[in-house]
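**Student:** Provided herewith is a single structure, encoded as structure tokens, for subsequent inquiry.
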Amino acid sequence: MEEQRICIKFCVKNGIKCANVVRILQTAFGDQAMSQNRVFEWYRRFRDGRENTEDDPRSGRPSTAITDKNVEKVKQIVLANRRIIVRELAEEVEASFESCRKILVDVLGVRRLAAKFVPKLLNFYLNDDEFECFCPMTKVQFRKLFAYCDRVPCQGGYRYVSKKDLLTFLCKMRQGLSDDFLKVMFQYPSRQATSMAIATSYCVHKGRHLIKPVLIVAPDGYILDIQGPYFSDSRNNDAAILRNEFVRDAERMTRWFQENDIVIVDRGYRDATELLARLGIENLNTKNAQRWIRLDAEQLLDFPVLTLDFLKNLTVGVYQIKLAASYVQDKLQRDEEEEFQLEMLRDVNRLPQLGLMRVRIFSRFRNATKYQLWISYRPTGDNEVDDGMDNDEHTPIQGYYCTCKSGARTLGTCAHIASVIWFMGYARHQANIRYPSIKLIESIHDAANRQQQRNIVPEVIDV
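Residue numbers (our numbering): -1 to 461.
Written as structure tokens, this is what we have:
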């Protein structure tokens, strides 16, 4: 503060206005500048003829807390506990908060505990054996040596020696490590390297900074090799990492990838397929990624024809069979299709693979909910009736699963599976099947689906 009072006195002697003095101090000292009222007060004093720039002595008795004994006690407490705060320190010393702050700032010369006493990297919760791996002394001896470290002159002033600085020097003397290794070990990177690392380690998908390793894992979970770590920016995608590993250490990669191997890759590796092809590794074409094709029920001719007795035995009752007609009708109306739609698994030649079908059925209770179900069946000839009574091993329906709550049952089926099996194996082969009446739906207009009014031209009425 005395420096600022000297500046105010200089401005008064040169006839500078008080408002300009406030701006000069704020520019020069920033957050440490005196308040506007204090500047006005000292400006008035110097204008009235005051020459002394020292602060006026305060009334009351002198402070008895800032003594050599308390200063040494504060220093030892801070050295022993690197996480202590000023308020806890005041309780330990039995002094006021302001007295402890003055001891730290004015006497010991630190503005923050971390500036001199608390290193960010070194963890003093290590035992002596672990600590001696870095330093040729115990922690107690290190603290005693650190107490003799004074500030050192540097460009622009003085610099305090931190614990990290002392530990780095002792580690270099003991281990003989290079400066580059010590920079990484004790976190002394340059600002440019830090900025680049922050920019290239940010992952947009995760929303945070990270680096990613690449693992080669066997089917039983055993980790064969670990590659990386790599940055998380867009240039370090899956394909770029794979290409880099082949270029950096091709011999090691050929131990896991050999000629005539087949590799299944997703979209992330699409830029590396050319490299794999040159190495003789076969890649599955992306056109085979969509494994299901959509068909009408009339195109599926190999589904076995079933009897009602077989359906009753399969569903263990008649409840699901009675609901089947309403489920089928609801699917046709919501899909806005005239034919029952299903999906078949296709092979490498893009042809339907017989024996497995997938269907999407709407929920009865939630309009936005769809369930997927899979049915495995034994393909048969045209209109061949299969009641499944001849041989249990050749039953027409070999398996099924639905994503609804009761779709994983093994005894009986849910209503969704029962409705599909009922329609595919029984209803479509019958001449007269009674479905629920839809007269109520047809008698109410639907603004979202008025097929009959699309070609109507509005009539202009003259008034």
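We put the beta carbon where it would ideally sit given N, CA and C, even for glycine.
Please read these numbers as outputs of a predicted model, since none were measured by experiment.
Just verifying my parser: in three-state terms, what is the DSSP assignment at Glu341?
**Tutor:** strand
**Student:** Which whole-angstrom value is the C-beta distance of Arg289 and Arg332, which I expect to be below 8 Å?
**Tutor:** At roughly 25 Å, the Cβ-Cβ gap does not stay under 8 Å, so Arg289 and Arg332 are not in contact.
**Student:** Using a Cβ-Cβ cut-off of 8 Å (strictly less than) and excluding sequence neighbours within five positions of Met135, which residues of its own chain qualify?
**Tutor:** Leu143, Leu168
**Student:** With a 10 Å radius around its C-beta and 16 neighbouring C-beta atoms as the bar for buried, classify Ala445 as buried or exposed.
**Tutor:** exposed
**Student:** Have a look at Gly266 and Met251 and give me their C-alpha separation to the nearest angstrom.
**Tutor:** If you draw a straight line from the Cα of Gly266 to the Cα of Met251, it is about 19 Å long.
**Student:** Could you spell out where the alpha helix (DSSP H) holding Ser97 opens and where it closes?
**Tutor:** 95 to 100
**Student:** Using a Cβ-Cβ cutoff of less than 8 Å, which residues in the same chain neighbour Lys204 once the five nearest sequence positions on both sides are dropped?
**Tutor:** Ser230
**Student:** Report yes if the C-beta distance between Tyr317 and Gly353 is below 8 Å; otherwise report no.
**Tutor:** no
**Student:** Between which residues of its own chain and Val468 is the CB-CB distance below 6 Å, once the five residues before and five after are set aside?
**Tutor:** Outside the shown range of the chain (-1 to 461) lies residue 468, about which nothing can therefore be said.
**Student:** Looking at C-beta atoms only, is the number of pairs between the segment 39 to 49 and the segment 6 to 23 that lie closer than 8 Å three or more?
**Tutor:** At 8 Å Cβ cutoff, the stretches touch.
**Student:** Could you check how far apart the C-beta atoms of Ile279 and Tyr325 are, in whole angstroms? I think they sit under 8 Å.
**Tutor:** Not confirmed; about 47 Å, so no contact.
**Student:** Taking just the CA atoms, how far does Cys147 sit from Glu1?
**Tutor:** 29 Å
**Student:** Got a sec: does the ligand ZN put a non-hydrogen atom nearer than 7 Å to the Cβ of Arg362?
**Tutor:** Within the structure as shown, the ligand ZN is missing, as the structure has no ligands at all.
**Student:** Within 8 Å, do at least three Cβ pairs link the segment 64 to 78 to the segment 91 to 99?
**Tutor:** Counting Cβ pairs under 8 Å, three or more are found: they touch.
**Student:** Look at the alpha carbon of Ala216 and the alpha carbon of Cys201, and state the distance between them as a whole number of angstroms.
**Tutor:** 27 Å
**Student:** Apart from the five residues on each side of it in sequence, which residues of its chain come closer than 6 Å, Cβ to Cβ, to Ile373?
**Tutor:** Met355, Tyr398
**Student:** Under the three-state reduction of DSSP, which class applies to Ser33: helix, strand or coil?
**Tutor:** coil
**Student:** For Glu280, name the three-state secondary structure that DSSP assigns.
**Tutor:** strand
**Student:** Do you know offhand how far Asp163's Cα is from Tyr220's?
**Tutor:** 42 Å
**Student:** Taking the C-alpha atoms as reference points, what is the distance between Ser232 and Leu277?
**Tutor:** 25 Å
**Student:** Using the rule of at least 16 other Cβ atoms within 10 Å of the residue's Cβ for burial, across every protein chain shown, is Pro211 buried or exposed?
**Tutor:** exposed
**Student:** May I ask which residues mark the beginning and end of the beta strand (DSSP E) holding Phe360?
**Tutor:** 350 to 360
**Student:** So does the segment 302 to 310 actually touch the segment 255 to 266, counting three or more Cβ pairs closer than 8 Å?
**Tutor:** no
**Student:** Please state the DSSP three-state secondary structure of Val458.
**Tutor:** For Val458, the pLDDT reaches just 44, beneath the cut-off of 50, and the residue's location in the model is therefore unreliable, although a value from the coordinates is still provided. Here Val458 sits in coil by DSSP.
**Student:** For the beta strand (DSSP E) that Cys152 lies in, which residues bound it at each end?
**Tutor:** For Cys152, the enclosing beta strand (DSSP E) covers residues 150 to 152.
**Student:** Does Trp254 come out as helix, strand or coil in the three-state DSSP assignment?
**Tutor:** In the structure shown, Trp254 sits in coil (DSSP, three-state: anything other than H, G, I, E or B).
**Student:** Locate the alpha helix (DSSP H) running through Cys9, then write down its first and last residues.
**Tutor:** 0 to 11
**Student:** Could you please give the first and the last residue of the uninterrupted beta strand (DSSP E) stretch that includes Ile82?
**Tutor:** Looking at the DSSP string, Ile82 is not in any beta strand (DSSP E), and its letter there is neither H nor E.
**Student:** Kindly list the residues whose CB is nearer than 6 Å to the CB of Cys9, restricted to its own chain and excluding five residues on each side of it in sequence; keep chain order.
**Tutor:** Once the five neighbours on either side are set aside, the close Cβ partners of Cys9 are Val19.
**Student:** Going by C-alpha to C-alpha distance, which of Ala26, Arg141, Cys133 sits closest to Gln74?
**Tutor:** Of the candidates Ala26, Arg141, Cys133, the one whose C-alpha sits nearest the C-alpha of Gln74 is Arg141.
**Student:** What separation, rounded to the nearest whole angstrom, lies between the Cα atoms of Gln327 and Gly423?
**Tutor:** One Cα belongs to Gln327, the other to Gly423, and the distance between them is close to 16 Å.
**Student:** Going by beta-carbon coordinates alone, are Ala237 and Asp269 separated by less than 8 Å?
**Tutor:** Cβ atoms of Ala237 and Asp269: closer than 8 Å.
**Student:** With C-beta atoms as the reference, is Leu409 less than 8 Å away from Val303?
**Tutor:** no
**Student:** Any idea what DSSP makes of Lys403, helix, strand or coil?
**Tutor:** coil
**Student:** Tell me the rounded alpha-carbon separation between Gln297 and Pro377.
**Tutor:** 13 Å
**Student:** So who's on the other strand from Gly226, going by DSSP bridges?
**Tutor:** Gly226 is not bridged to any residue.
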